[in-house]
Amino acid sequence: MTVTGPTPGFIEMTSVTPPTGRGALAKREARLAWGLLLPTILSVSLVVILPLLAIFWISFKPVGLADLRPPAPVLRESLRGRDGAYQLDYRIRNSSQDKPLGDVRFVDTLPDGLSIAGPLPEACALDDQTLTCAFGDVEGGWRDRFQIDVTLQGDPDALEDAAEGSKPDASAISDSILTNSEFSLENFARIFDGDEFWFVLWVTLFYTVFGTVGALVFGLFAAMLLNKSFKGQGILRGLYLFPYVAPVIAVAFTWITLFDPFSGSANALLIQMGVTQEAINFFGQRPLALIMVTIFEIWRYFPLSFLFILARMQSIDTDMYEAADMDGASPFQKFWYLSMPQLLGILSVLFLLRFIWTFNKFDDIFLLTGGNAGTRTLTVNVYEQAFAISNIGAGAAVAVVIFACLILFSVFFFKYVSREEGL
Amino acid sequence: MSYLRYGYVTGPVLGALWLVILSTIIAVAMSFATGDPFRPAILWSLVWGAIIGFGISQRIGDLPGAVMGAVALAGLVLLGMGPMIIGESASVWSRSLAALALGGIFIWSMEAILSGMPKAALSRHEFEEAVIRFLTGFGYIFFTAIVLIPFYVMVMTSLKSQQALLQNPLDFSLDWDKGWGLFRSYSELFADFGFGGYLWTSFYVSVLTVLITLLFSVPGAYAVARLKFRGRAAFSRSILLIYMVPMIVLALPIYIAFSMTGLRNSILGLVMIYPVTTIPVALYMLQGYFRGLPGEVEEAGLMDGLSRLAVIWKITLPLSLPALASVSLYVFMIAWNEFLLAFMLLDDPSKFTLTRGVAMLNSSEIPRQHLMAGAVIATLPIMVLFLGLEKFMTKGLTAGSVKG
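First to last, the sequence lines map onto chains U and V. Sequential numbering of the first sequence, starting at 672, is according to this note's numbering. Sequential numbering of the second sequence, starting at 106, is according to this note's numbering.
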């Protein structure tokens, strides 16, 4: 057979394109994938996405800590007897002093053997053994009390237990600030008001920038120390990770104990060495407290940078250094011109990630100073507003500000970091 | 810098600086060990360090010279003209120990720093080598000190009594006569403060967190690593985004929701929240590992008629045991050390986790040594785990601890 050109059959074959639609197999695989991911997606959206949306919602609402418990009717029932005559005693009130309740009512089932003898109050009606009382709309601080005469057939003590044991069912319509359609910008106005916000922002930036850079520099130094094999290298490497592995609460309280102005060893040491005449209140005075919490942050997170940088250093090809040795490069030159360019990638990734994480850090400062003495960062401010001042709305507003900053950071993150694979 | 590059200049300069560092660190160590006043004399340190550094750089006296130098330095310390000044109250033993240690260590380490350095003009290479040896020595001392001192203070404070601490905050020497009485604050924590219960709560909450996390993240990680579906790239990116949401921002709405549903103040609430904070990390770590596994083994399994889930269970998981160990340890550490949520959500002392229990001890009515004993109890298990399984732990840390 002579080959003069493509046979018709061949042409037909090349014109067959791969299927553009998705085959049944691919669809099945995708379905399986989503099925496997479903639990994660559900739980994460429940605990991360939903709360984030809630934060936005709350930040526009004037809501305080006390509003978390919506107003409700509170009812007490008791059976009292005097000289053989018995009365059912009802006391009902609005749990809130200032918020109204709508359609307040209660339903109580009377036990057998107890029958109503006296006249019923206007609000109440009796149907068989079921007592229903309706009070309509009431104001904040409203309370009411009335007695109904009853006669007993049987053991009074047992009936008293039965009457008081069957809890009346009280209900009302209350307006929760969390769900109504009242919105305001008050929270944002409050947190942006005055110099305080800018001070908080400045503290956050100081803490974040110096904490991140410090941890990187110390981590780099520690990694250089351990980037050679010698006896005890493993022990030292484990030891240098201690600050990071230990629970933050343990090390934070240790630092407080160590730097205590009255019984702290650090002060005693400094006084003994003649560095200072009187005790220094490390965590209690401006601006030292901010410097101290930043040092704590560096101390606690240098192990992390150290670990990453060491891993990168150990993967650098040694041939390069041998070549440099032949060319007569000095140790500092080798570090600066050979190691540094290789480490730049991991350093920039670490910088970005640590920057974001230091920005987000809450526990450390909260435990060390509680945000006092000029150490209140944005995250501590969330807690401060929401729980110390009991203004949940303002706390949520600060959280929204944090979130806005984070979105800004993550744009950077995806632009620069996601190129660095393998982290 | 070229004027520094002569043996008779580099030697004294490094010697002076090195003696300042050594006398400071030995004074601090001796103060912490004995409680007696030891302090470095910076000026004397500079003078004697320079003189000895010059001697060593010029190889004066060799070994006998070195021994004489060490003895002379120790003698100077005891005479009160040395690089370290020792207060009157120190015992003869601790004085001579400190003096000899300083003399011996200084001469020995200085010899090491200046070894192989010519007496006169230095090449850039020789000069930098000496400086790097100096910096390395300083680095080891510096990092070991900053890491060890807080933990030393933590352990020792927990063994002291309040009066002893107030009397001399530097005195960490132990009163061995007390015997088991040294551990009084520990036994009080367990007997009166219910720390046994907290330890158990922390333990099972952490274990449950690990189990639930694995249960959720293994299938998810497998899907992201192996299966093709639309939105895979976007998904694996958004996992990383969840890393970046600060806990305090989530804690606020969770607090509100739990207050309204009655889940606050319950262990169940914690066990519901903890895994979700760790699932993204675990998923991210595991999918990286799964990707590195050879796909052929799994395909062979599929060919033999196993379903995907059976492949995961029978092939992928046994192959990734080391990664599972790393992830479990890392998640265990996060759950064990977690403080913020436990602090916000638990009020009832009978339900505290260990970290919450330690936070409770931070009050002016409870003596410091109890707080430190609590800190030790919280730290010890995680440290034992860490040291025992360091290889897995370090791997877990590098793979996942982009998260703070």
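Using N, Cα and C, we set each Cβ at its ideal position, and we do this for glycine too. Nothing here was measured: the structure is a model prediction, and the numbers come from that model.
Got a sec, what are the start and stop residues for the beta strand (DSSP E) residue i sits in?
| i | result |
| --- | --- |
| M944/U | No beta strand (DSSP E) holds M944/U; DSSP gives it neither H nor E. |
| L750/U | 744-753 |
| D996/U | Looking at the DSSP string, D996/U is not in any beta strand (DSSP E); the run it does join, the alpha helix (DSSP H), is 990-997. |
| F1099/U | Coverage of chain U is limited to positions 672 through 1094, which leaves residue 1099/U absent and any answer about it impossible. |
| L802/U | 801-809 |
| D282/V | Careful: D282/V lies outside any beta strand (DSSP E) and carries neither H nor E. |
| L797/U | 795-798 |
| I190/V | 189-191 |
Hey, could you find the ends of the alpha helix (DSSP H) residue i is sitting in?
| i | result |
| --- | --- |
| L492/V | 473-493 |
| F977/U | 959-985 |
| V172/V | 167-184 |
| V1051/U | 1049-1054 |
| S786/U | Per DSSP, S786/U belongs to no alpha helix (DSSP H); it is in the beta strand (DSSP E), 785-787. |
| I372/V | 372-397 |
| I920/U | 919-929 |
| I726/U | 721-730 |
| A126/V | Note that residue 126/V is Ile in the sequence shown here, rather than Ala. Here the alpha helix (DSSP H) through I126/V covers 112-139. |
| I906/U | 904-911 |
| I317/V | 300-331 |
Under 8 Å by Cβ, that's how I've got residue i and residue j pegged, so tell me the actual separation to the nearest angstrom.
| i | j | result |
| --- | --- | --- |
| I726/U | V964/U | At roughly 25 Å, the Cβ-Cβ gap does not stay under 8 Å, so I726/U and V964/U are not in contact. |
| R110/V | S1001/U | Rounded, the Cβ-Cβ distance is 11 Å, inconsistent with contact. |
| L205/V | A179/V | 5 Å |
| I130/V | A250/V | 6 Å |
| A217/V | T115/V | Rounded, the Cβ-Cβ distance is 14 Å, inconsistent with contact. |
| F977/U | A893/U | 4 Å |
| L122/V | I161/V | Incorrect: roughly 14 Å between the Cβ atoms, too far for contact. |
| Y327/V | I417/V | 5 Å |
| R144/V | Q943/U | 6 Å |
| L388/V | S322/V | 4 Å |
| L151/V | V182/V | So it is not a contact: roughly 15 Å between Cβ atoms. |
Run through DSSP, which three-state label would residue i get?
| i | result |
| --- | --- |
| A225/V | coil |
| M349/V | coil |
| Q768/U | coil |
| D276/V | coil |
| R762/U | strand |
| P145/V | strand |
| S842/U | strand |
| G694/U | coil |
| F1030/U | helix |
| F159/V | helix |
| I210/V | helix |
| I1073/U | helix |
| V775/U | strand |
| T1162/U | The structure shown does not extend to residue 1162/U, since chain U is modelled only from 672 to 1094, so the question has no answer here. |
| I359/V | helix |
| I951/U | coil |
| A756/U | strand |
| T1040/U | coil |
| M895/U | helix |
Residues, ordered as in the chain, of the region 458-469 of chain V that lie near chain U by beta-carbon distance below 7 Å: T460, V463, A464, N467
The region 1025-1036 of chain U contacting the region 703-710 of chain U, beta-carbon criterion three pairs below 8 Å: no
Near-chain V residues of the region 910-931 of chain U - C-beta to any C-beta below 7 Å: L910, Y911, F913, P914, V916, A917, P918, V919, I920, A921, V922, F924, T925, W926, T928, L929
Inter-stretch contact (C-beta, 8 Å, three-pair minimum) for the region 1032-1044 of chain U and the region 952-972 of chain U: yes
Sufficient close CB pairs (3 or more, under 8 Å) joining the region 424-440 of chain V to the region 311-319 of chain V: yes
Under 7 Å (Cβ pairs) to chain U, residues found in the region 206-232 of chain V: R229, H230
Segment contact, 8 Å Cβ cut-off, at least three pairs: the region 931-950 of chain U with the region 130-150 of chain V: yes
Inter-stretch contact (C-beta, 8 Å, three-pair minimum) for the region 262-279 of chain V and the region 466-473 of chain V: yes
The region 920-929 of chain U / the region 1005-1018 of chain U touching (three or more Cβ pairs under 8 Å): no
Positions along the region 794-812 of chain U whose CB lies within less than 8 Å of some CB in chain V: none
Where the region 1068-1090 of chain U meets chain V: residues whose CB sits under 8 Å from a CB there: A1070, I1073, F1074, L1077, F1080, S1081, F1084, F1085, S1089
Contacting positions in the region 1017-1033 of chain U - beta carbon closer than 7 Å to chain C: Going by chain labels, chain C is absent from the structure shown, which instead holds the protein chains U and V.
Contacting positions in the region 429-446 of chain V - beta carbon closer than 9 Å to chain U: M438, W441, N442, E443, F444, L445
Within 8 Å of chain U by C-beta, residues of the region 282-297 of chain V in sequence order: none
Stretch pair the region 761-777 of chain U + the region 836-843 of chain U: three plus CB contacts closer than 8 Å: yes
Near-chain V residues of the region 937-952 of chain U (beta-carbon distance less than 8 Å), N- to C-terminal order: N938, A939, L940, Q943, M944, G945
The region 418-428 of chain V / the region 338-357 of chain V touching (three or more Cβ pairs under 8 Å): no
Cβ pair count under 8 Å reaching 3, the region 749-769 of chain U against the region 827-837 of chain U: yes
Proximal residues, the region 247-277 of chain V versus chain U, C-beta separation under 8 Å: F248, T249, I251, V252, L253, I254, P255, F256, V258, M259, T262, L270, L271, N273, P274, L275, F277
Chain U contacts made by the region 121-143 of chain V, where a contact means CB separation under 9 Å: T129, A132, V133, S136, F137, P142, F143
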